[in-house]
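**Student:** Numbering (the numbering used here), first residue to last: 91 to 208. All C-beta atoms in this analysis are idealised placements derived from N, C-alpha and C, irrespective of residue type, glycine included. The structure's right below; bear with me while I get my questions together.
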């Protein structure tokens, strides 16, 4: 089994910064893909940022230039540095990982709340 444990959410004023972390543990042959999604009340879950095993990244248009995703392969950990936060960034942020086991499997973290006050 694989677990994803997130940390780093909280309350911050507009313009501030937060750093989210997500550590994968368990039986992991290799991590194919890790990413962050978010879901605001009444809205669908959306991709925020993703990073592949080769290091390529992609971002939602709404966070480009403000958020940075990175990965520590030795620690099986992905980070999301969030700068210049806006009230519309308020959501529950979920870590996602596609992990190679016998077959590639999709895992989700429990979610961490990010609240940006105006």
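Cα-Cα, which of 129, 123, 159, 152 is closest to residue 143?
**Tutor:** Ranking the options by Cα distance to residue 143, first place goes to 123.
**Student:** Note the first and the last residue of the continuous beta strand (DSSP E) segment covering residue 161.
**Tutor:** Its beta strand (DSSP E) spans residues 157-162.
**Student:** For the candidate residues 199, 116, 174, 156, whose alpha-carbon lies nearest to that of residue 102?
**Tutor:** The candidate whose alpha carbon is nearest that of residue 102 is 174.
**Student:** Are there three or more Cβ pairs, one per stretch, closer than 8 Å when the region 174-185 is compared with the region 120-137?
**Tutor:** Yes, they touch.
**Student:** In this structure, how does DSSP classify residue 131 when only helix, strand and coil are distinguished?
**Tutor:** Residue 131: coil per DSSP, three-state reduction.
**Student:** DSSP beta-bridge partners for residue 204?
**Tutor:** According to DSSP, which records beta bridges pairwise, residue 204 is partnered with 100, 181.
**Student:** Please classify residue 146: does DSSP put it in a helix, a strand, or coil?
**Tutor:** In the structure shown, residue 146 sits in coil (DSSP, three-state: anything other than H, G, I, E or B).
**Student:** With distances taken from CA atoms, which of 153, 150, 119 is nearest residue 164?
**Tutor:** Among 153, 150, 119, the Cα nearest to that of residue 164 belongs to 119.
**Student:** Could you compute how far the alpha carbon of residue 186 sits from the alpha carbon of residue 197?
**Tutor:** If I take the Cα positions, the gap works out to 6 Å.
**Student:** Quick one: grab the DSSP three-state call for residue 174.
**Tutor:** Here residue 174 sits in coil by DSSP.
**Student:** Indicate whether at least one CB of chain D lies closer than 7 Å to the CB of residue 190.
**Tutor:** Included in the structure is just one protein chain, with no chain D present.
**Student:** Could you check where the beta strand (DSSP E) with residue 107 kicks off and where it finishes?
**Tutor:** From DSSP, residue 107 is part of no beta strand (DSSP E); its letter is neither H nor E.
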